[in-house]
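Just so we're aligned: the sequence shown equals residues 1 to 340 in full-length UniProt numbering. No residue lacks a Cβ here, since even glycine has one placed at the ideal position from N, Cα and C. Working notes, structure below.
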Amino acid sequence: MNRVTAQDVAKAAGVSVATVDRVLNERKGVSESTIEKVHSAMDQLRFVRNQAAADLARGKDYRFTFILPAGETTFFNDLLNEVEAARSDASKSRIDIRAVTVPPLNPEAVVRAIDALGDDVGDGLALVAVESQIVRDAINKLRNRGVRVVTFISDIPNSRRDRFIGIDNVAAGRVAASLLNRFICAPSGDVAVIAGSGILRDHVERRMGFEQVMRAECPHLNVLPWIEGEELAGLVEEKLSKLLAANSNIVGLYSLGGGTRGVIEAIESAKTDIRAVTTELSEHTRDALLSGTVDAVLVQDPGHEVRSAVRVLKALTDNGPINENQERIRIEIFMRDNLP
């Protein structure tokens with residue numbers, strides 16, 4: 001199918017190409033009725049503007065900042081690499097991207113980073129949010145200054161952030177529970193849950209979705225209080241090893257984020273036969289799938305999330321449209337037999 005052009009829109013609307021250009025660039029001198037005609041023609045033809053070319057023509061520059069947690073997890077290292085890749089690509093569209101890293105699970109560090117940036121935060125900010133009033137206040141202050149803000153990976157919805165970019169974490173938890181329900185053959189038993197921290201909303205939402213299904217569909221299984229491992233593999237291994245040594249009734253495990261290497265090492269050391277679902281595909285989870293230590297891994301695409309954040313921040317800055325289908329982040333399920 002040929003790309004719809006401004007000439008096509010002009011013909012359908014019964015106006016000149018110059019008028020279409022004025023409408024697209026929101027210039028003065030066009031009546032409301034003509035604007036409506038052009039917009040109607042664009043909708044009918046499903047016209048998608050070549051925004052990069054338009055930005056180059058207008059000489060408009062953008063600056064976006066990412067605030068990411070620094071830590072030992074493979075996922076956040078991958079996320080930082082994706083930001084650097086996006087920075088190289090975005091420069092062609094006159095978009096300057098910078099990344100600032102902060103200690104994980106540290107609301108004060110997030111706020112200090114925002115304060116230190118000052119006006120250099122640019123036109124928009126994307127951050128992995130942690131639940132805290134001071135982070136909420138910092139986001140609201142940015143919005144008061146006209147800075148666009150998106151949260152990604154983990155949300156803080158009761159702030160004035162513009163949008164959340166990430167998977168449906170409640171659905172991810174429900175998927176994990178449904179998988180374990182199918183994997184576990186024991187007539188009864190306990191299920192362990194490993195989390196990073198209760199101040200990460202993505203972890204809280206995954207736990208909520210997990211319990212929804214377990215309570216409704218798995219009355220024979222008892223979900224234990226979660227273990228918080230602060231996304232540190234060593235701490236996760238220590239806490240989980242103690243739990244496995246003290247409880248021989250554990251038949252399933254859901255690691256909903258962070259410290260997964262510690263989960264794998266604890267299961268292997270305990271030499272226990274339990275069904276396990278974890279998150280994020282890494283060298284460790286890949287090997288664990290192949291060895292049978294882990295049964296399934298739920299994955300979100302960090303590259304998609306970073307690129308989506310850039311596109312959405314640009315659209316918000318321009319007051320432009322957002323392609324909802326393009327920005328939907330999907331949950332992938334990997335097992336031993338479909339590893340990429």
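Cross-strand partners of residue i (DSSP beta bridge)
i, result
"E228", "A195"
"N222", "D190"
"A172", "None; A172 has no bridge partner."
"V299", "E332"
"R143", "Answer by DSSP bridge pairing: none, since R143 is not bridged."
"L253", "A192 and A276"
"V102", "P69"
"D96", "R63"
Endpoints, the beta strand (DSSP E) within which residue i is located
i, result
"R148", "R148 to F152"
"L68", "Y62 to P69"
"G234", "Unbroken run through G234 is the alpha helix (DSSP H), A233 to A246; no beta strand (DSSP E)."
"F164", "R163 to I165"
For residue j and residue i, the rounded distance between their alpha carbons
i, j, result
"L105", "R112", "14 Å"
"F164", "Q7", "36 Å"
"R307", "A186", "43 Å"
"R311", "K242", "45 Å"
"N140", "R148", "10 Å"
"E46", "L316", "Glu is not the amino acid found at residue 46; the sequence shown has Arg there. Each residue's alpha carbon lies about 20 Å from the other."
"L256", "Y62", "35 Å"
"G198", "V294", "24 Å"
"L125", "L313", "8 Å"
"P340", "I333", "11 Å"
"H304", "V30", "38 Å"
"S16", "S33", "14 Å"
Neighbour-count burial assignment, residue i, 16 or more Cβ in a 10 Å radius
i, result
"L290", "exposed"
"P321", "exposed"
"A245", "exposed"
"V48", "exposed"
"A309", "buried"
"Q44", "exposed"
"A276", "buried"
"R261", "buried"
"S154", "buried"
Extent of the continuous alpha helix (DSSP H) to which residue i belongs
i, result
"P107", "P107 to L117"
"I267", "T260 to A270"
"R22", "V17 to L24"
"R286", "E283 to S291"
"G124", "Run containing G124: none in the alpha helix (DSSP H); it sits in the beta strand (DSSP E), G124 to L127."
"L339", "It is not in any alpha helix (DSSP H) - L339 carries neither H nor E in the DSSP assignment."
Touch test, the region 167-181 against the region 198-214, Cβ-Cβ under 8 Å, three pairs minimum: Counting Cβ pairs under 8 Å, three or more are found: they touch.
Inspect the CB distances between the region 154-170 and the region 124-138 and report whether three or more fall short of 8 Å. Segments in contact, yes.
The region 85-95 / the region 248-255 touching (three or more Cβ pairs under 8 Å): When C-beta atoms of the region 85-95 are compared with those of the region 248-255, fewer than three pairs fall below 8 Å, so the two segments do not count as touching.
Stretch-stretch touch, CB-based, cutoff 8 Å, three pairs: the region 178-193 with the region 324-331: Contact fails: fewer than three Cβ-Cβ distances are below 8 Å.
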